[in-house]
Amino acid sequence: MARAALMDFDEALERFEPVIGLEVHVELNTRTKMFSSAPNPANDEFHGAEPNTLVAPVDMGLPGSLPAVNATAVRYSISLGLALGCGIAPSSRFARKNYFYPDLGKNYQISQYDEPIAFEGSVEVELENGRTFEVAIERAHMEEDAGKLTHVGSTGRIHGAEYSLVDYNRAGVPLVEIVTKPIVGAGADAPALARAYVATIRDIVLSLGISEARMERGNLRCDANVSLRPKGQEKFGTRTETKNVNSMRSVERAVRYEIQRQAAILADGGTITQETRHWHEDTGTTSPGRPKSDADDYRYFPEPDLLPVEPDPAVIEELRAALPEPPAARRRRLKAEWGFTDLEFQDVANGGLLNEVAATVDAGASPAAARKWWTGELTRIANAQGADPAGLAEPAHVAELAALVDEGILTDRLARQVLEGVVAGEGSPREIVDARGLAVVSDDGALISAIDEALAAQPDVLAKIRDGKVQAAGAVIGAVMKAMQGKADAARVRELVLERAAADS
Amino acid sequence: MSEISAEQVAHLANLARIALTEEEIEHLTTELGQIMQAVEKVSEVATPDVVPTSHPIPLHNPLREDVPTDVLSVEQALSGAPEHDGTRFVVSAILGEEQ
Chain E
1 MARAALMDFD
11 EALERFEPVI
21 GLEVHVELNT
31 RTKMFSSAPN
41 PANDEFHGAE
51 PNTLVAPVDM
61 GLPGSLPAVN
71 ATAVRYSISL
81 GLALGCGIAP
91 SSRFARKNYF
101 YPDLGKNYQI
111 SQYDEPIAFE
121 GSVEVELENG
131 RTFEVAIERA
141 HMEEDAGKLT
151 HVGSTGRIHG
161 AEYSLVDYNR
171 AGVPLVEIVT
181 KPIVGAGADA
191 PALARAYVAT
201 IRDIVLSLGI
211 SEARMERGNL
221 RCDANVSLRP
231 KGQEKFGTRT
241 ETKNVNSMRS
251 VERAVRYEIQ
261 RQAAILADGG
271 TITQETRHWH
281 EDTGTTSPGR
291 PKSDADDYRY
301 FPEPDLLPVE
311 PDPAVIEELR
321 AALPEPPAAR
331 RRRLKAEWGF
341 TDLEFQDVAN
351 GGLLNEVAAT
361 VDAGASPAAA
371 RKWWTGELTR
381 IANAQGADPA
391 GLAEPAHVAE
401 LAALVDEGIL
411 TDRLARQVLE
421 GVVAGEGSPR
431 EIVDARGLAV
441 VSDDGALISA
451 IDEALAAQPD
461 VLAKIRDGKV
471 QAAGAVIGAV
481 MKAMQGKADA
491 ARVRELVLER
501 AAADS
Chain G
1001 MSEISAEQVA
1011 HLANLARIAL
1021 TEEEIEHLTT
1031 ELGQIMQAVE
1041 KVSEVATPDV
1051 VPTSHPIPLH
1061 NPLREDVPTD
1071 VLSVEQALSG
1081 APEHDGTRFV
1091 VSAILGEEQ
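Same order as they appear, the protein sequences are chains E and G.
Taking my numbering, the leading residue of the first sequence gets 1, the next gets one more, and so forth.
Taking my numbering, the leading residue of the second sequence gets 1001, the next gets one more, and so forth.
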């Protein structure tokens, strides 16, 4: 594949204004599918099932089978719509989107077209650099996911495929597709905004508890539309749609790549082809897919097998009242409560550790201690293991560790050893302290005998201390700490060293 | 008066993955044109004050409780397939048309 010419990112932004539009598909974690009672593999309870073992006749489009709408999926969709600030349609209906591809056995996908359940909302999105944007939401509609195709061929890559294997477990998984209005004005922040928007959607669906939201499993997928227009031009340029970008980082990279690629073409006098493009994680590039079909080609029409959904207004109000705090508002509240500086807070938020720090504070730790352990030692261990720090330890254990340090039972150095034990699953910090015998020696008698021994071994140091050269005590403190195998409070040892040196004179 | 062209018929056939000969396209163009004209008569009575109807009966919301029930066995699921590998359906490679 020939590598596309790219324009330098900064130069591209001097000449063109990027306009982006994002479509995020959220797989709901209901127990059953959208239109059948087959178990839903997007729920952790059923994740990882063998191929074609979570399939009902409806999911395969077998003749005579009829869809029935999942009540919980409708409730979840309404909650999500409300969390996105959308209006909820008093009456919305399903439509058939007709296309012939073996990922759906029916030859159509049941979706919503002209009457989506939720419309016209907005979401506040905070970037990693602290800038905030209001992203306008066009609509959020209910639909079903398609089956999973595995292309098999000489190269194992899609372009060399000779045949495909179809697993219909995913066919019929409830989806909500959230579509933004064109996002204008982000400029050089457009790639970061795309990423932060997807992160915000993830935070929202997690706080609602309506999706497992694991991007690596495809629970959350993003299609990124990107177009450029020369600065000062009103009319939008021709857009491309990069499909199924499956990580936060890739969303940012894909938008950035398309800005650079399109800028190079436009600057060269070329035109952008309206098309879908595939994202390649390994090379960080996109390549052309099919030309974008017109909506007309899908020959949408109202789904005759289903009746309109008309939610009870009382239920909508009940769901509205139960909405969790919006992510941006929650961040502002936590930052104020914790008294963090911008940088301290970004350190936590950008590390994906807000929930962990909040839970650790709730378990009794000071915000400063919670931040220190999560963004410090736990993040270091996670980086070394190539893991996510968020999953490494229970917040309650981190809070317990902080308490042990506050009580003087552990020094920071010992606490780091205990934390390694916690990460290794050896139990709670107190259990590890007992099992490993790691507590600080607070028995002055044991310390004094070690100090006297060290002073006797280094008479020159003793002499210096007596001459008022207090900094010389460091050598004795070091020897004592070594003798105590690090299980002593260095500040207490220092006090005692000075005391003993004076006492013996 | 609605007209349908041979190009439109060929385009629809392509979308529906149906191979048509020139003669079939010509034949269908005439037939579909007649059907369009018949359906168009509806617009003579559909005045702007009539809301389009997608469902004739005023029913709504027959929702299903979110409780899993039995599914097909893999054998049952694959039983109608022309080709399978024991767990998955085998289909000829049609590439790059994911929706």
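In this text, a Cβ means the ideal position worked out from N, Cα and C, and glycines have one as well.
Item                                                                                                                                                                                         : Value
Sorted by chain position, which residues of the same chain lie with C-beta nearer than 8 angstroms to Leu84 of chain E's C-beta, five sequence neighbours on each side aside?                : Ala118, Gly121, Ser122, Val123, Ile137, Ala140, Ile178, Ile204
I'd like the span of the alpha helix (DSSP H) that includes Met142 of chain E, first residue to last.                                                                                        : Per DSSP, Met142 of chain E belongs to no alpha helix (DSSP H); it is in the beta strand (DSSP E), 132–144.
Classify Asn350 of chain E as helix, strand or coil using the three-state DSSP reduction.                                                                                                    : helix
Tell me which residues share the same chain as Leu62 of chain E and place their Cβ nearer than 8 angstroms to its Cβ, disregarding the 5 neighbours each side in the sequence.               : Gly105
Determine, using beta carbons only, whether Thr1029 of chain G comes closer than 8 angstroms to chain E.                                                                                     : no
Quick check on DSSP: helix, strand or coil for Glu344 of chain E?                                                                                                                            : helix
Can you tell which of G:Val1045, G:Val1067, G:Ile1018, G:Gly1033 has the C-alpha that lies nearest to the C-alpha of Ser1005 of chain G?                                                     : G:Gly1033
So if I threshold CB-CB distances at 9 angstroms, which residues from the segment 1055–1074 of chain G count as touching chain E?                                                            : His1055, Ile1057, Leu1059, His1060, Asn1061, Pro1062, Leu1063, Arg1064, Glu1065, Asp1066, Val1067, Pro1068, Thr1069, Asp1070, Val1071, Leu1072, Ser1073, Val1074
In chain G, which residues lie less than 9 angstroms from Asp167 of chain E when you measure between Cβ atoms?                                                                               : Thr1087, Arg1088, Phe1089
Suppose you measure from the CA of Asp1100 of chain G to the CA of Ala56 of chain E; what does that come to, to the nearest Å?                                                               : No answer is possible for residue 1100 of chain G: it lies beyond the span of chain G, which begins at 1001 and ends at 1099.
Which whole runs of the alpha helix (DSSP H) in the segment 425–450 of chain E are 4 residues long or more, in chain order?                                                                  : 429–436
Within the continuous beta strand (DSSP E) that includes Ile110 of chain E, where are the two ends?                                                                                          : 108–111
At a Cβ threshold of 8 angstroms, is Met1001 of chain G touching chain E?                                                                                                                    : Note on Met1001 of chain G: pLDDT 46, under 50, position unreliable in the model; the coordinate value appears next. Chain E, which has no Cβ nearer than 8 angstroms to the Cβ of Met1001 of chain G, makes this no.
Ordered along the chain, which non-local residues of its own chain (more than five positions away) have a Cβ less than 8 angstroms from that of Thr238 of chain E?                           : Ser227, Thr271, Ile272, Thr273, Gln274
Do Ala73 of chain E and Met142 of chain E have their beta-carbon atoms positioned less than 8 angstroms apart in this structure?                                                             : yes
Name the DSSP beta bridge partners of Arg330 of chain E, please?                                                                                                                             : None, per the DSSP bridge assignment.
I'd like to know whether the C-beta atoms of Asn219 of chain E and Glu23 of chain E end up nearer to each other than 8 angstroms.                                                            : no
Applying a beta-carbon distance threshold of less than 7 angstroms, which residues of chain E neighbour Ser1043 of chain G?                                                                  : Going along chain E, no residue has its Cβ under 7 angstroms from Ser1043 of chain G, so there is no contact; the nearest lies around 17 angstroms.
Among all the DSSP beta bridges, which residues are the ones paired with Tyr163 of chain E?                                                                                                  : E:Val152, G:Ser1092
Using a Cβ-Cβ distance under 8 angstroms, would Ser1092 of chain G count as near chain E?                                                                                                    : yes
Is DSSP giving Pro41 of chain E helix, strand or coil here?                                                                                                                                  : coil
Where Asp282 of chain E and Tyr163 of chain E are concerned, what is the direct C-alpha to C-alpha distance, given to the nearest angstrom?                                                  : 24 angstroms
Examine chain E for any beta-carbon lying closer than 8 angstroms to the beta-carbon of Ala1013 of chain G, and answer yes or no.                                                            : no
Mind listing the chain G neighbours of Pro51 of chain E? Cutoff is C-beta to C-beta under 7 angstroms, in chain order.                                                                       : Thr1087, Arg1088
At a CB-CB cut-off below 9 angstroms, which residues of chain E make contact with Leu1020 of chain G?                                                                                        : Correct list: empty, because the minimum Cβ distance to chain E is about 15 angstroms.
When you compare the CB of Met7 of chain E with every CB in chain G, is at least one pair closer than 8 angstroms?                                                                           : no
Could you check how far apart the C-beta atoms of Val251 of chain E and Val198 of chain E are, in whole angstroms? I think they sit under 8 angstroms.                                       : 5 angstroms
In whole angstroms, what separates the C-alpha of Pro429 of chain E from that of Val361 of chain E?                                                                                          : 17 angstroms
Please check if any C-beta of chain G sits within less than 8 angstroms of the C-beta of Ala224 of chain E.                                                                                  : no
CA-CA distance, Ile210 of chain E and Glu1083 of chain G?                                                                                                                                    : 37 angstroms
What are the boundary residues of the alpha helix (DSSP H) that Thr379 of chain E is part of?                                                                                                : 379–385
Roughly how far, in whole angstroms, is the beta-carbon of Leu518 of chain E from the beta-carbon of Leu323 of chain E, given that I think they are within contact range, below 8 angstroms? : The structure shown does not extend to residue 518 of chain E, since chain E is modelled only from 1 through 505, so no value can be given for it.
My assumption, with CB atoms under 8 angstroms, is that Trp374 of chain E sits in contact with Leu353 of chain E. Please give the rounded CB distance.                                       : 5 angstroms
Give the straight-line distance between the Cα atoms of Ala321 of chain E and Arg249 of chain E, rounded to the nearest whole angstrom.                                                      : 34 angstroms
If you count every other CB in all the chains shown that lies within 10 Å of the CB of Ser1092 of chain G, and 16 or more means buried, which is it?                                         : exposed
Grouping DSSP H, G and I as helix and E and B as strand, with all else coil, what is Thr286 of chain E?                                                                                      : strand
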